[in-house]
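Engineer: In the order they appear, the protein sequences are chains U and A.
Its first residue numbered 1, the first sequence is counted upward by one per residue in UniProt numbering.
Its first residue numbered 1, the second sequence is counted upward by one per residue in UniProt numbering.
Here a beta-carbon is modelled for each residue, glycine too, at the ideal position from N, C-alpha and C.
Got a structure for you, written out below as structure tokens; questions coming shortly.
There are 2 protein chains.
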Amino acid sequence: MDWKPNRHAVISIHRQITDRIKALIERGDWSTDMRIPPQRKLAEEFGVNRSTIQTALDELKADGYLEGRVGSGIYVTGNAWNLLMDQARPNWQRHIETGVHKPNYHTIQLINDYEQKDDIIRLGTGELSPDLLPARELEESLRSITLDARAIGYSSPQGSIKLREALSARLEKRGITVSSDNILIVSGALQALQLIAVGLLEEGATVFQEGPSYLNSVHPFQSAGMRMQAVNRAETLSSTIRSLKGQSLFYCVPTLNNPTGYSWTVEEKKSFYTLCRDARIPIIEDDVYQELQFGEGSPPLKAMDEAGHVLYLGSVSKTLSPGLRIGWIVAPTPVIKRLADIKMQTDYGSSAFSQEIVAHWMMSGRYDRHVERLRTRLQERAERMEKILLRQYQDIATWNRPSGGFYIWIRFHAPIVNKALFLKALQRKVLLNPGYIYDPGDAHHIRLSFAYASLDEMEIGLHQLRKIIEERRDAP
Amino acid sequence: MDWKPNRHAVISIHRQITDRIKALIERGDWSTDMRIPPQRKLAEEFGVNRSTIQTALDELKADGYLEGRVGSGIYVTGNAWNLLMDQARPNWQRHIETGVHKPNYHTIQLINDYEQKDDIIRLGTGELSPDLLPARELEESLRSITLDARAIGYSSPQGSIKLREALSARLEKRGITVSSDNILIVSGALQALQLIAVGLLEEGATVFQEGPSYLNSVHPFQSAGMRMQAVNRAETLSSTIRSLKGQSLFYCVPTLNNPTGYSWTVEEKKSFYTLCRDARIPIIEDDVYQELQFGEGSPPLKAMDEAGHVLYLGSVSKTLSPGLRIGWIVAPTPVIKRLADIKMQTDYGSSAFSQEIVAHWMMSGRYDRHVERLRTRLQERAERMEKILLRQYQDIATWNRPSGGFYIWIRFHAPIVNKALFLKALQRKVLLNPGYIYDPGDAHHIRLSFAYASLDEMEIGLHQLRKIIEERRDAP
Numbered sequence: 001m002d003w004k005p006n007r008h009a010v011i012s013i014h015r016q017i018t019d020r021i022k023a024l025i026e027r028g029d030w031s032t033d034m035r036i037p038p039q040r041k042l043a044e045e046f047g048v049n050r051s052t053i054q055t056a057l058d059e060l061k062a063d064g065y066l067e068g069r070v071g072s073g074i075y076v077t078g079n080a081w082n083l084l085m086d087q088a089r090p091n092w093q094r095h096i097e098t099g100v101h102k103p104n105y106h107t108i109q110l111i112n113d114y115e116q117k118d119d120i121i122r123l124g125t126g127e128l129s130p131d132l133l134p135a136r137e138l139e140e141s142l143r144s145i146t147l148d149a150r151a152i153g154y155s156s157p158q159g160s161i162k163l164r165e166a167l168s169a170r171l172e173k174r175g176i177t178v179s180s181d182n183i184l185i186v187s188g189a190l191q192a193l194q195l196i197a198v199g200l201l202e203e204g205a206t207v208f209q210e211g212p213s214y215l216n217s218v219h220p221f222q223s224a225g226m227r228m229q230a231v232n233r234a235e236t237l238s239s240t241i242r243s244l245k246g247q248s249l250f251y252c253v254p255t256l257n258n259p260t261g262y263s264w265t266v267e268e269k270k271s272f273y274t275l276c277r278d279a280r281i282p283i284i285e286d287d288v289y290q291e292l293q294f295g296e297g298s299p300p301l302k303a304m305d306e307a308g309h310v311l312y313l314g315s316v317s318k319t320l321s322p323g324l325r326i327g328w329i330v331a332p333t334p335v336i337k338r339l340a341d342i343k344m345q346t347d348y349g350s351s352a353f354s355q356e357i358v359a360h361w362m363m364s365g366r367y368d369r370h371v372e373r374l375r376t377r378l379q380e381r382a383e384r385m386e387k388i389l390l391r392q393y394q395d396i397a398t399w400n401r402p403s404g405g406f407y408i409w410i411r412f413h414a415p416i417v418n419k420a421l422f423l424k425a426l427q428r429k430v431l432l433n434p435g436y437i438y439d440p441g442d443a444h445h446i447r448l449s450f451a452y453a454s455l456d457e458m459e460i461g462l463h464q465l466r467k468i469i470e471e472r473r474d475a476p
Numbered sequence: 001m002d003w004k005p006n007r008h009a010v011i012s013i014h015r016q017i018t019d020r021i022k023a024l025i026e027r028g029d030w031s032t033d034m035r036i037p038p039q040r041k042l043a044e045e046f047g048v049n050r051s052t053i054q055t056a057l058d059e060l061k062a063d064g065y066l067e068g069r070v071g072s073g074i075y076v077t078g079n080a081w082n083l084l085m086d087q088a089r090p091n092w093q094r095h096i097e098t099g100v101h102k103p104n105y106h107t108i109q110l111i112n113d114y115e116q117k118d119d120i121i122r123l124g125t126g127e128l129s130p131d132l133l134p135a136r137e138l139e140e141s142l143r144s145i146t147l148d149a150r151a152i153g154y155s156s157p158q159g160s161i162k163l164r165e166a167l168s169a170r171l172e173k174r175g176i177t178v179s180s181d182n183i184l185i186v187s188g189a190l191q192a193l194q195l196i197a198v199g200l201l202e203e204g205a206t207v208f209q210e211g212p213s214y215l216n217s218v219h220p221f222q223s224a225g226m227r228m229q230a231v232n233r234a235e236t237l238s239s240t241i242r243s244l245k246g247q248s249l250f251y252c253v254p255t256l257n258n259p260t261g262y263s264w265t266v267e268e269k270k271s272f273y274t275l276c277r278d279a280r281i282p283i284i285e286d287d288v289y290q291e292l293q294f295g296e297g298s299p300p301l302k303a304m305d306e307a308g309h310v311l312y313l314g315s316v317s318k319t320l321s322p323g324l325r326i327g328w329i330v331a332p333t334p335v336i337k338r339l340a341d342i343k344m345q346t347d348y349g350s351s352a353f354s355q356e357i358v359a360h361w362m363m364s365g366r367y368d369r370h371v372e373r374l375r376t377r378l379q380e381r382a383e384r385m386e387k388i389l390l391r392q393y394q395d396i397a398t399w400n401r402p403s404g405g406f407y408i409w410i411r412f413h414a415p416i417v418n419k420a421l422f423l424k425a426l427q428r429k430v431l432l433n434p435g436y437i438y439d440p441g442d443a444h445h446i447r448l449s450f451a452y453a454s455l456d457e458m459e460i461g462l463h464q465l466r467k468i469i470e471e472r473r474d475a476p
């Protein structure tokens with residue numbers, strides 16, 4: 001939408017605008033029953049006065065293309081297309097509204113949208129900052145990659161054997177002994193969850209998750225008709241299980257949780273594993289932060305799993321580059337075969353080029369060297385963020401010292417974290433990940449990330465946030 | 001499964017085998033209620049006599065790990081896990097059977113499996129042969145690619161703007177005028193269908209398709225709960241539409257159809273488009289073979305579409321490399337926004353590396369040069385295949401001379417194309433794409449592809465097939 005009226009044209013500005021809007025309706029970009037953007041926004045976009053927009057819209061209303069609806073703005077009429085030409089055309093808006101898939105929550109959509117903008121300080125973004133991504137080394141590594149014609153055709157259902165073998169060797173080091181037959185390459189851990197949702201669970205099955213959970217910000221299971229149920233690990237799990245009917249699964253991030261950043265102790269992991277195993281509740285262990293532990297670290301649940309009870313998820317999105325879109329599922333072979341079949345029916349496998357690149361990085365040692373450097377730099381960033389917090393937030397919030405990964409789950413004493421705060425911060429160009437997207441009832445937490453914003457942005461963004469909190473407290 | 005017993009070990013071969021099988025059960029690779037592979041196959045895999053397998057299985061049955069079921073082989077018992085240790089474990093088989101997604105048809109699964117094997121002649125494969133894939137040039141092009149740190153992070157919802165702009169310019173040349181806002185990058189055309197299925201249609205909606213249809217070999221719509229209905233284009237469409245209730249969509253491949261290879265004439269395209277538009281039935285135009293027309297070629301439906309009525313699909317899988325997993329949807333912006341939102345919820349976008357490579361190929365002119373060479377080579381292959389057919393099949397079958405793409409849809413006079421023929425050919429290491437996977441009632445056609453098999457393989461494979469057909473005719 002970078003169209004602007006031509007000020008030197010013979011046709012009046014106002015006429016150019018009505019023509020433009022008719023064209024948008026004609027092309028279907030503005031479809032039947034769609035609410036059009038507010039006048040303020042149109043005026044800004046077209047670079048004209050609001051009164052010019054007003055006149056143009058009034059005319060289009062009079063002609064029956066648009067209609068006002070009380071208290072809710074201006075809409076494209078059901079008849080607009082017929083007016084424009086003697087042709088029927090599809091009602092895309094209706095198609096969109098009745099689609100099977102649920103629309104994303106509004107805050108999450110805003111986060112997705114604002115993450116595309118350049119002048120926003122992103123205090124919660126769960127990605128590596130551009131300067132932590134090894135762009136130069138990746139570029140350089142492309143020069144050492146050799147492509148086999150077979151490797152660039154359609155992938156085998158489970159993904160590149162070279163990559164699966166490299167992974168099998170890496171997993172061994174973390175105490176997970178599996179062969180390449182137990183591994184399925186996927187396009188990131190989110191796709192893994194999608195495949196598990198449609199491939200292994202019946203509609204109405206229960207998916208357990210921890211209190212605040214990453215799963216509330218994405219909807220692979222809800223979209224497939226599963227019920228989500230939050231449980232606080234061991235404490236309530238036993239009693240919940242007893243009353244459970246039908247299939248269930250437990251989704252967890254035991255190491256460097258998203259959003260809380262906490263890792264369970266080895267004892268907690270053991271007792272949780274035993275509990276689920278005895279109750280015959282399979283576990284999805286999302287372990288994408290495993291390699292980002294600052295200290296010695298704690299092993300994955302999967303390393304304790306002799307019974308094929310854990311579906312284990314990993315990815316290079318948090319360590320190397322999310323743009324590669326490469327993750328993996330480790331599971332018993334019948335599960336892998338089933339999920340591979342669905343993956344083939346979904347997208348015919350993941351990018352062969354991405355798979356070649358990851359295999360090359362793992363086999364050449366580049367990956368290990370990079371992850372080691374990355375850990376050091378993340379730790380520096382974590383310390384920096386903590387220093388700012390100690391200086392500016394100690395009186396109004398608490399938090400745990402991060403032991404790895406990306407996040408600090410900061411808890412405000414007062415229940416101030418709501419959509420109004422989120423929007424206020426957005427107005428000041430600070431993008432937050434408020435706790436309520438991970439736990440709908442939460443008004444105390446924000447997920448801070450020390451991985452994305454630059455050090456200067458951290459300083460400015462946290463300072464702004466503190467100011468906003470004070471203003472809101474002082475407001476009548 | 002590359003395990004073999006150690007012939008020099010102290011433990012007997014037969015004991016090593018029972019231990020191995022217990023381990024498979026323990027790890028969950030052989031799960032409760034799973035049917036185990038036939039004895040013949042196990043003997044082959046472990047490199048031992050069938051009698052050794054028999055003894056081992058008998059012992060495992062006696063111990064309660066396995067059980068025979070009348071007429072259907074040997075299964076892992078429900079109790080096997082409990083026997084192995086005092087632990088419960090998940091019943092993966094039950095999870096698999098109750099999953100929402102339908103399992104792939106058996107023939108299609110066999111095709112997917114056998115396409116992974118090396119010593120098979122693939123007479124129907126819808127891919128470019130390894131020697132038609134520009135592996136060397138792709139490798140070389142990697143050396144000219146520069147990576148921007150922002151480009152290797154998470155993708156923007158619609159995909160790389162560079163690639164979308166390159167596509168918008170290419171589409172213009174085919175008569176399709178759209179901006180980058182009307183384009184969504186996806187991981188191949190199959191994913192496009194998945195997104196449309198869950199994003200734009202309600203459950204129970206009708207998806208129309210032509211008689212034999214590629215859609216019968218993949219199940220994006222069926223899996224999302226849509227009804228498929230075959231119609232023979234204009235002839236029956238009008239009357240069908242009148243009795244239609246609820247939402248519908250028409251899926252078609254008007255240019256170089258898969259599996260038939262036919263292209264509609266410009267007049268057929270026009271009248272079909274008008275019919276659907278007037279009936280308000282949106283069209284999905286799958287146009288992945290557009291650039292592989294040998295002659296002057298015919299334009300896409302989308303070029304006639306001023307009304308935003310056609311969802312247009314393209315891809316580089318048939319022209320450059322399926323391993324890139326890059327395709328696109330062209331549609332009105334509200335549709336694109338909706339599908340982009342679902343794509344983000346599904347896999348967070350397509351590989352940024354693949355997108356960079358395709359953008360580079362399109363912008364540098366490499367792509368056009370390559371496609372031109374490819375067309376010439378496909379035409380040579382088509383002529384070669386036709387020559388063989390003329391020599392060996394003229395008395396038993398008819399076919400149309402191909403005008404591009406990959407396929408010859410050969411029709412046998414007698415209804416001989418059934419699963420038995422497919423399996424017989426497979427035994428002789430010839431893999432066919434029988435007509436019934438595209439039209440369940442069809443017993444006359446085979447989809448031949450001149451794109452995959454080498455010229456020698458074409459000769460040998462078609463000769464084998466002719467022999468098999470004769471043997472079956474002569475058999476009592």
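Give every residue of the same chain whose Cβ lies closer than 7 Å to the Cβ of U:Val-186, excluding the five residues on either side of it in the sequence, and list them in chain order.
Structural biologist: One-based indexing of the first sequence puts residue 186 of chain U at position 186. The answer, listed in chain order, is Ala-192, Leu-195, Gly-327, Trp-328, Ile-329, Lys-343, Ser-350.
Engineer: Can you grab the Cα-Cα spacing for the pair U:Pro-157 / U:Thr-260, in whole Å?
Structural biologist: For the purposes of this step, residue 157 of chain U is taken as residue 157 along the first sequence, with counting starting at 1. For the purposes of this step, residue 260 of chain U is taken as residue 260 along the first sequence, with counting starting at 1. Answer to the nearest angstrom: the Cα atoms are 35 Å apart.
Engineer: What in chain A is Cβ-close to U:Thr-333, meaning under 7 Å?
Structural biologist: Working through the first sequence from its first residue, we reach residue 333 of chain U at position 333. In chain order: Asp-29.
Engineer: Which same chain residues, not among the five before or five after A:Ser-179, have their C-beta less than 7 Å away from its C-beta?
Structural biologist: For the purposes of this step, residue 179 of chain A is taken as the residue at position 179 of the second sequence. Cβ within range, chain order: Ser-168.
Engineer: To which residues of the same chain is A:Asp-86 closer than 7 Å at the C-beta, ignoring the five residues directly before and after it?
Structural biologist: What you label residue 86 of chain A is simply residue 86 of the second sequence in a count that begins at 1. Low per-residue confidence applies at A:Asp-86: pLDDT is 33, beneath 50, and the placement is therefore not dependable, though the value from the model is reported in the following sentence. Nothing meets the Cβ criterion.
Engineer: Are at least three pairs of beta-carbons, each pair with one atom in the region 288-304 of chain U and one in the region 127-140 of chain A, less than 8 Å apart?
Structural biologist: Touching, no, given that fewer than three Cβ pairs across the two stretches are closer than 8 Å.
Engineer: Output yes or no for whether 7 Å exceeds the beta carbon distance between U:Ser-317 and U:Gly-188.
Structural biologist: As a first step, residue 317 of chain U must be located in the first sequence, where it is residue number 317. As a first step, residue 188 of chain U must be located in the first sequence, where it is residue number 188. It is a contact, given that the beta carbons lie within the stated cut-off.
Engineer: Give every residue of the same chain whose Cβ lies closer than 8 Å to the Cβ of A:Asn-418, excluding the five residues on either side of it in the sequence, and list them in chain order.
Structural biologist: For the purposes of this step, residue 418 of chain A is taken as the residue at position 418 of the second sequence. So the list reads Pro-434, Tyr-436, Ala-443, once near-sequence residues are dropped.
Engineer: Using DSSP's beta-bridge definition, name the partner residues of U:Gly-404.
Structural biologist: Within the first sequence, numbered from 1, the residue matching residue 404 of chain U stands at position 404. U:Gly-404 is bridged to U:Gln-293.
Engineer: Among U:Asp-29, U:Ala-205, U:Lys-4, U:Arg-20, which has the Cα closest to the Cα of A:Arg-338?
Structural biologist: As a position in the second sequence, residue 338 of chain A is number 338, starting the count at 1. Answer by Cα proximity: U:Asp-29.
Engineer: Compare the C-beta of A:Lys-429 against all C-beta atoms of chain U and say whether one is closer than 7 Å.
Structural biologist: Taking the first residue of the second sequence as 1, we reach residue 429 of chain A at position 429. It does not: the Cβ of A:Lys-429 has no partner Cβ on chain U nearer than 7 Å.
Engineer: So within the region 307-375 of chain U, which uninterrupted alpha helix (DSSP H) runs reach at least 4 residues, ignoring any that extend past its ends?
Structural biologist: Complete alpha helix (DSSP H) runs here, min 4: 333-347, 352-364.
Engineer: For A:Gly-153, return the contacting residues in chain U, with the cut-off set at a CB-CB distance below 7 Å.
Structural biologist: As a position in the second sequence, residue 153 of chain A is number 153, starting the count at 1. In chain order: Glu-127, Pro-130, Leu-133, Pro-322, Gly-323.
Engineer: Below 6 Å CB to CB, which residues in the same chain sit around A:His-370 once its five sequence neighbours on both sides are set aside?
Structural biologist: The residue labelled residue 370 of chain A in the question sits at position 370 within the second sequence. Answer for A:His-370: Pro-134, listed in chain order.
Engineer: Quick one: residues in its chain with C-beta nearer than 6 Å to the C-beta of U:Glu-383, no 5 flanking neighbours on either side, listed in chain order?
Structural biologist: By 1-based counting over the first sequence, the position of residue 383 of chain U is 383. There are no such residues.
Engineer: Identify, in the order they occur along the chain, each residue of the same chain with its Cβ nearer than 6 Å to the Cβ of A:Arg-50, setting aside the five sequence neighbours on each side.
Structural biologist: For the purposes of this step, residue 50 of chain A is identified with residue 50 of the second sequence, where counting begins at 1. Answer for A:Arg-50: Gln-39, Ala-43, listed in chain order.
Engineer: Buried or exposed: A:Arg-89, going by 16 or more other Cβ atoms within 10 Å of its Cβ?
Structural biologist: Taking the first residue of the second sequence as position 1, residue 89 of chain A is located at position 89. For A:Arg-89, the predicted structure reports a pLDDT of 42, less than 50, and the residue's modelled location is therefore unreliable. A value from the coordinates is still provided. Buried, because 16 or more other Cβ atoms sit within 10 Å of the Cβ of A:Arg-89.
Engineer: Compare the C-beta of A:Tyr-348 with all C-beta atoms of chain U and state if any pair is closer than 7 Å.
Structural biologist: Here the question's residue 348 of chain A lines up with position 348 in the second sequence. Yes, A:Tyr-348 counts as interfacial toward chain U.
Engineer: In angstroms with no decimal places, state the Cα-to-Cα distance between U:Gly-225 and U:Gly-204.
Structural biologist: For this step, residue 225 of chain U is matched to residue 225 along the first sequence. For this step, residue 204 of chain U is matched to residue 204 along the first sequence. One C-alpha to the other measures close to 6 Å.
Engineer: Any heavy atom of the ligand MG closer than 6 Å to the beta-carbon of A:Gly-225?
Structural biologist: In the structure shown, the ligand MG is absent, as is every other ligand, since no ligand is present at all.
Engineer: Compute the Euclidean distance between the alpha carbons of U:Ser-197 and A:Pro-5, then round it to the nearest angstrom.
Structural biologist: For the purposes of this step, residue 197 of chain U is identified with residue 197 of the first sequence, where counting begins at 1. For the purposes of this step, residue 5 of chain A is identified with residue 5 of the second sequence, where counting begins at 1. Checking the sequence, you will find Ala at residue 197 of chain U rather than Ser. U:Ala-197 and A:Pro-5: Cα-Cα distance of roughly 38 Å.
Engineer: Along the chain, where does the beta strand (DSSP E) containing A:His-444 start, and where does it finish?
Structural biologist: Position 444 of the second sequence, counted from the start, is the residue given in the question as residue 444 of chain A. Careful: A:His-444 lies outside any beta strand (DSSP E) and carries neither H nor E.
Engineer: Starting from U:Tyr-251, trace the beta strand (DSSP E) both ways and give me its first and last residue.
Structural biologist: The count along the first sequence starts at 1 and reaches residue 251 of chain U at position 251. Segment 248-252, the beta strand (DSSP E) holding U:Tyr-251.
Engineer: In this structure, how does DSSP classify A:Val-76 when only helix, strand and coil are distinguished?
Structural biologist: Translated into positions along the second sequence, residue 76 of chain A becomes position 76. Strand at A:Val-76.
Engineer: Give me the residue from A:Glu-140, A:Glu-172, A:Gln-247, A:Glu-285 with the minimum Cα distance to A:Ala-279.
Structural biologist: Taking the first residue of the second sequence as 1, we reach residue 279 of chain A at position 279. Of the listed residues, the one whose Cα sits closest to A:Ala-279 is A:Gln-247.
Engineer: If we define contact as Cβ-Cβ less than 7 Å, is U:Phe-272 a contact residue for chain A?
Structural biologist: Stepping through the first sequence from its first residue, residue 272 of chain U is reached at position 272. No, U:Phe-272 does not count as interfacial toward chain A.
Engineer: Starting from U:Glu-459, follow the alpha helix (DSSP H) in both directions and report where the run begins and ends.
Structural biologist: If you number the first sequence from 1, residue 459 of chain U lands on position 459. Segment 455-474, the alpha helix (DSSP H) holding U:Glu-459.
Engineer: Can you give me the start and stop residues for the alpha helix (DSSP H) that A:Val-198 sits inside?
Structural biologist: Taking the second sequence and counting its residues from 1, one reaches residue 198 of chain A at position 198. Residues 189-200.
Engineer: Would you kindly work out how many angstroms separate the C-alpha atoms of A:Met-385 and U:Leu-147, rounded to a whole number?
Structural biologist: The residue you call residue 385 of chain A lines up with position 385 of the second sequence. The residue you call residue 147 of chain U lines up with position 147 of the first sequence. Looking at the two C-alpha atoms, the distance is approximately 29 Å.
Engineer: Within 7 Å (strictly less), CB to CB, does U:Ala-169 reach chain A?
Structural biologist: Position 169 of the first sequence, counted from the start, is the residue given in the question as residue 169 of chain U. Not one chain A Cβ lies under 7 Å of U:Ala-169.
Engineer: Output needed in chain order: residues of the region 217-229 of chain U with a Cβ under 9 Å from some Cβ in chain A.
Structural biologist: The region 217-229 of chain U vs chain A, Cβ under 9 Å: Val-218, His-219, Pro-220, Ser-223, Ala-224, Gly-225.
Engineer: The beta strand (DSSP E) that contains U:Phe-208, what's its start and end?
Structural biologist: Position 208 of the first sequence holds residue 208 of chain U. Per DSSP, U:Phe-208 belongs to the beta strand (DSSP E) from 206-209.
Engineer: Based on DSSP bridge pairs, tell me the residues matched to U:Ile-183.
Structural biologist: Within the first sequence, residue 183 of chain U is the residue found at index 183, counting from 1. According to DSSP, U:Ile-183 bridges with U:Val-330.
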